[in-house]
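Here's the structure we're looking at; comments come further down.
Protein chains: 2
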Amino acid sequence: MLDQLLAPDVKSLLEEGKFEDILDFFKESHPTEIAEVLTGLKPEEALEILRHFDDQTFADVFRELPTAFQVDTSELLDKKDLAKLIMQLDPDDRVDLLKAIPQERFESVMPILAQRERENIKQLAQYAEGTAGSIMTTQYIALNQDLTVREALERIRLEGSEAKTVYTIFAVDKDRKLKGTVSLGELILAAPSKKLSEIMDSQVQSVYALNDREDAVYKFSRYDLVALPVVDSDEVLVGIITHDDVIDVIEQERTEDIERFMAITGKHENTAYLHTSIWTHFKHRVGWLIILAVMGLISGAVLQSFQETLTSLMILAFYMPMLADTGGNTGSQSATVIVRALALKEIMPGDAFKVLWKELRVALLLGLVLAALAFIRVLFTGNHVPMPGTINILDIGTAIAIALGIQVVSATIIGALLPLGAAALGADPALIASPALTTIVDITGLLIYFTTARMILHI
Amino acid sequence: MLDQLLAPDVKSLLEEGKFEDILDFFKESHPTEIAEVLTGLKPEEALEILRHFDDQTFADVFRELPTAFQVDTSELLDKKDLAKLIMQLDPDDRVDLLKAIPQERFESVMPILAQRERENIKQLAQYAEGTAGSIMTTQYIALNQDLTVREALERIRLEGSEAKTVYTIFAVDKDRKLKGTVSLGELILAAPSKKLSEIMDSQVQSVYALNDREDAVYKFSRYDLVALPVVDSDEVLVGIITHDDVIDVIEQERTEDIERFMAITGKHENTAYLHTSIWTHFKHRVGWLIILAVMGLISGAVLQSFQETLTSLMILAFYMPMLADTGGNTGSQSATVIVRALALKEIMPGDAFKVLWKELRVALLLGLVLAALAFIRVLFTGNHVPMPGTINILDIGTAIAIALGIQVVSATIIGALLPLGAAALGADPALIASPALTTIVDITGLLIYFTTARMILHI
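Those sequence lines, one after another, are chains A and B. The letter at position 443 of the first sequence is residue 443 when you use this note's numbering, and the numbering goes up by one with no holes. The letter at position 291 of the second sequence is residue 291 when you use this note's numbering, and the numbering goes up by one with no holes.
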C-alpha cells in the first residue's frame, strides 16, 4: 500500500533530481518499507534511487523487492555492477535472484565473482525449489565440538558479524557431521575451559536438504526453533534455515494451498496482485476451468440420458440445483478438513479406515437433517407443479429426501477419499481442487438422483 | 501419529506398573513427543505417568497437550496440585488453560495462588481471544534505558533464566514506556560504561495489545523479528510475542482461513481431527449447509419460473450444469485471489476500482475461451436432441455461448466484489464462504441463462 501513497511524492522528487531529499525521506525507513515504495516506480527509476544508497542499503532494500522486480532492475545493471550486488547479497537471496535471471546472464556474471562466492552459489543452487535446501543459508557458525568455550567465544567474535544468527552455535565433528547445538546464552554462562561437546545439546533436530520445505516448517512449529540445521544424506551440516525464512515460507504456502485448492495454478511469488499481468492471472485460472467445463458437459450427458424421466416429471428439475450444490458443499467440507488434518500430520494415509468411519457418521447426521429439510420443503411447495396422476407429492418428497441423503453421504466419502488417496500415492492431498470435487459429485449426484427417483416412483 | 504407534506399548507398561521403564522409555524424548504419546491414552492414565515426572517435565509436557486434553487431565487434579501446576506453567500457557476450565474451578484455585501469579493472570486474562495481547507472554527482560551496559548484563544474569528470550532486551523509560531494543550480541560487544539509550535501536516495531493477532503475524513476517513487544494505548510495554508462538498462530489461522472459506465454522484449536467428536464435526458443518440448501431452493424456484422455456427446449437443461459449475468456479477463483491479496495487504478496499477493472479484463479473456468451447461442443453434439422446427442448432449454440460468457464475467465480478465489500465494512473478507458464492452465482446464472436464451431464440 505504501507504494501507492508515497511513490508519487518520490517520483516528483526524482524528476527534479533531488536525491538528497529522497535519501532524507527514506532515512528513518526500514528497508522493507523503502522496497515497497520503489515497487511503485519503474525499474529504471528505482535503480536510480538505489544507486544513491550505500552498498549495504542497496543490497538490504534490493532483497526485499519482489523477484520479478529484482530481475527487471538487475537487467539494467552492467555485468560488473551486477557482480558487486550479488557479492553483497545474502547467500540465499543471491541464489534466488540468480535462478530467476536469464541463463546466459547468469553464465556471464559467474566468472567475475570471487572463487568463494562462486562455490557457495553452486552449492546452494543445486537444491530444487520446494526443498529444505532451497530455503537454507550458509551464514552460520559451525565449530568443532572439541573446542573449549573460551576458544568458541573467540571464534564467534571473529565470525559472528557474517552469521545470520549467533544465538545458536552448531557443533560438528572433524568430518563436519552435526553433533549438537549450544546456545549463546549457555556458552556465556559455561566455564571457559569446558569443551563444547560437554555442554552441547546432542538431541538436535535437523532436516535433510532434499526433503520438502514443509518438513522444515513442521519441525519449526513442533519444536519451537529459532534455527534449524540442514544436513545431507551423510548427516554432514550444509546449512541452516532461520525462523524468519520459515515464516515467509508458511505465508507463501498458505496462499498456494488455498489457491491450488480453489483450482488456481502457478506459484504465488512475492509478486503482488496488482503487479501481476492480466495474462498471468488468465493463465493461472484457465487450465482448470476448461477441464471442469468439459467435466460439466458429462453432467449434461447424464441429464440427457434421463431425458424421459425429466420430461415426464418436471418437478425433479427444480430440486436438481439444491442436490448438486449440497453434494458439492458437503464434499468440499470433508475434503478441506482431511487436507488440513493431513497437512498438520494429525492423520496419516494409514488412518484411512478410521477417518472414513468418522466421516460416514458425520455424513449420516448431516444427511438426516438435510433430507428432512428437503422433504418438508417439497410437501409445502410441491402442489403448484403439474404431475402425472399416478404419483403423489408424498412419494416425490420421499424420493428427493432419500436421494439427497445418499448424495450427502457419498459426496462426503468421496471428498475424504480423494485427498487420502493422493496422500497414499505420495502426492499433495490438496491436488484435488475443490471445484473439481464439486464437478465430480455433480455427476454422481445426478446419477443418484434419477436412479433413486426412478426406483421409488416407478417411472 | 506417535500416539497410535507407541501408546499401546506405554499402556501395557502402565498396566504392569512399570513406571521406571516408562520414564526410561521417554528419557530421550522431546516434551512434544511425550505429549503426543500421552494423548493416545485416557486422561487418568496420562496423569498417572505425568505424576512420575519431575515438576518441570510435568509442566513442559503438559503445555504441549491439546487444550481439551489439558482440561480433562486437570479436572482429575485436586485444587492444591492444580495450583502447583499452574505456578509451574509459562504465563501464556497458564492463562490459556485457566480460560478453558470451568468458571467455578477457576475461581476456586485463584485464591491459593501466590499474589504475583494472581496479578499476572488477571493482567493477561483481560485480553480477548484473537487479540495480540492474548498470545503474548510476560517473561521478558525490560530494563531502564539509563542503565549502563555493565549494569544491564548484571541484571540479565539475574533475571535471564526466567525470560523466554534473552536475545532481545527491551529498553523502557521510568514510566515503562517502550523506547528501544538492544540485542544481546550488541550488548556484549558494547563498551561497559555506555548507557542503553546510547546503543539501543530506537526504531522499534511494536503492536497494540488490543489489535488483532494477525497484525502481530504481519509485523513478524514483514520485519523478520525474533520477538515483538506489545504495548498498551499509552505505549507502555505490557508483554512480548515470541517467534514460536507466532508460527503456531499462523498454522492455526491458515487452517481456520481455509475452513471458513469452505463453509466450516468453529475454531480449529489444537484438537486433532481424530480427537474431535462426531458431534463437534457435525456442528461445525451443518449451519452453512442448511443456509446453502435453502438458497439452493431459490435456484429451483428460478428454474420453476422458466418451466415453459425449459419444457419447450429441453436441450437447454443439458448445459445447465456446465453453466452453473463454470460460474461457481470462476467466482471462487476471483474470490480466492482477492481474499489472499487482502490478507497479505497487497490491496486495500480503496483499490476496488483497479481490482474490478483487472478482474473484468481477466474475465473477458476467460469468458471468450469458455464460450468458444461451449459453442463448438453444442454444434458437434446438439443434433441428437429433438427441437422445435423454427430453431436451428447454430442459434442455440450462440445463445449458450453468450450466456456462458456473461455468466463468467458476472460471476468473476461478484466473486471479487463480495470480499472487497466485506473488507470495506471492516469484516473478514473470507466471511463469504466459497460455497455461498457458488450458490449465489447459480441463481444469477440461471437468470442470465434463460433470459439470454429467450431473447436470442425468441421463445
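Every residue gets a Cβ at the ideal spot worked out from N, C-alpha and C, and that includes glycine.
Note that the C-beta distance between A:G405 and A:L356 is not below 8 Å. Inter-residue distance for A:S206 and A:D224 is about 13 Å (C-alpha atoms, whole angstroms). Within the same chain, K79 come within 7 Å of A:S108 by CB-CB distance, once the 5 residues on both sides are set aside. Across the segment 436 to 458 of chain A, CB contacts with chain B closer than 8 Å involve T438, T439, D442, L446, in sequence order along the chain. When secondary structure is reduced to three states using DSSP, B:F306 falls in the coil class, being assigned neither helix nor strand. Just measuring C-alpha positions, the residue of B:E45, B:E36, B:L360, B:S221 sitting nearest B:L14 is B:E45.
Using a Cβ-Cβ cut-off of 8 Å, A:D72 does not count as an interface residue toward chain B, since no Cβ of chain B sits closer than that to its own.
Three or more beta-carbon pairs separated by less than 8 Å link the segment 444 to 458 of chain B to the segment 408 to 423 of chain B, which places the two stretches in contact.
Residue contact with chain B for A:V109: absent (no Cβ-Cβ distance below 8 Å to any residue of chain B).
Non-local beta-carbon contacts of A:A436 in its own chain, meaning distances under 6 Å to residues more than five positions away in sequence, are absent.
The residue from A:Y140, A:Q145, A:A430 with its alpha-carbon nearest to that of A:A163 is A:Y140. Interface annotation, A:I400: not in contact with chain B, CB-CB separation never under 8 Å.
Around the beta carbon of A:W288, 16 or more other beta carbons lie within 10 angstroms, which makes this residue buried. Contact of B:Q304 with chain A is assigned, a C-beta pair being separated by under 8 Å. Between B:V246 and B:V238, the C-beta gap is not smaller than 8 Å, which leaves the two residues out of contact. Note that the C-beta distance between A:M322 and B:G300 is below 8 Å. If you look at A:S334, you'll find it in the alpha helix (DSSP H) that goes 315 to 343.
Leaving aside the five residues that flank B:P429 on each side, the residues in its chain whose CB is nearer than 6 Å to its CB run, in chain order, V339, L342, P419, A422, A423.
Chain-order list of chain A residues neighbouring B:H52: empty, with the shortest C-beta distance near 21 Å, by a criterion of under 7 Å. For A:M314, the nearest CB of chain B lies under 8 Å from its own CB, placing it at the interface with that chain. The beta carbon of B:M322 falls within 8 Å of a beta carbon belonging to chain A, placing the residue at that interface. With a threshold of 16 other beta carbon atoms within 10 Å, B:T390 falls short and is exposed.
By the C-beta density criterion, B:V217 is buried, having at least 16 other C-beta atoms within 10 angstroms.
Where B:L237 is concerned, there is no enclosing alpha helix (DSSP H), although the beta strand (DSSP E) around it starts and stops at 237 to 242. With respect to B:A401, B:A363 sits apart: the two C-beta atoms are not nearer than 8 Å.
A buried status is given to A:A59, since no fewer than 16 other beta-carbon atoms sit within 10 Å of its beta-carbon.
Around the beta carbon of A:G350, fewer than 16 other beta carbons sit within 10 angstroms, so the residue counts as exposed. Scanning chain A for C-beta atoms nearer than 8 Å to the C-beta of B:E20 yields nothing, as the closest lies near 21 Å away. In terms of CA proximity to A:D201, B:S29 leads the group B:H52, B:A132, B:S29. Counting along the chain, the unbroken beta strand (DSSP E) around A:N144 starts and ends at 142 to 144. A:R222 and A:A263 have their C-alpha atoms spaced approximately 30 Å apart. Within chain A, S332, Q333, T336, S434 have C-beta atoms less than 7 Å from the C-beta of B:M262, given in sequence order.
Taking 7 Å as the upper bound on Cβ-Cβ separation, chain B lies near residues F220, S221, R222, Y223, D224, V226, H243, D244 of the segment 213 to 245 of chain A.
By the 16-neighbour rule on beta-carbons within 10 angstroms, A:A128 is exposed. Just measuring C-alpha positions, the residue of B:T336, B:I315, B:A433 sitting nearest B:D395 is B:I315.
By the Cβ-count criterion, A:D175 is exposed, with fewer than 16 other Cβ atoms from all chains shown falling within 10 Å of its own Cβ.
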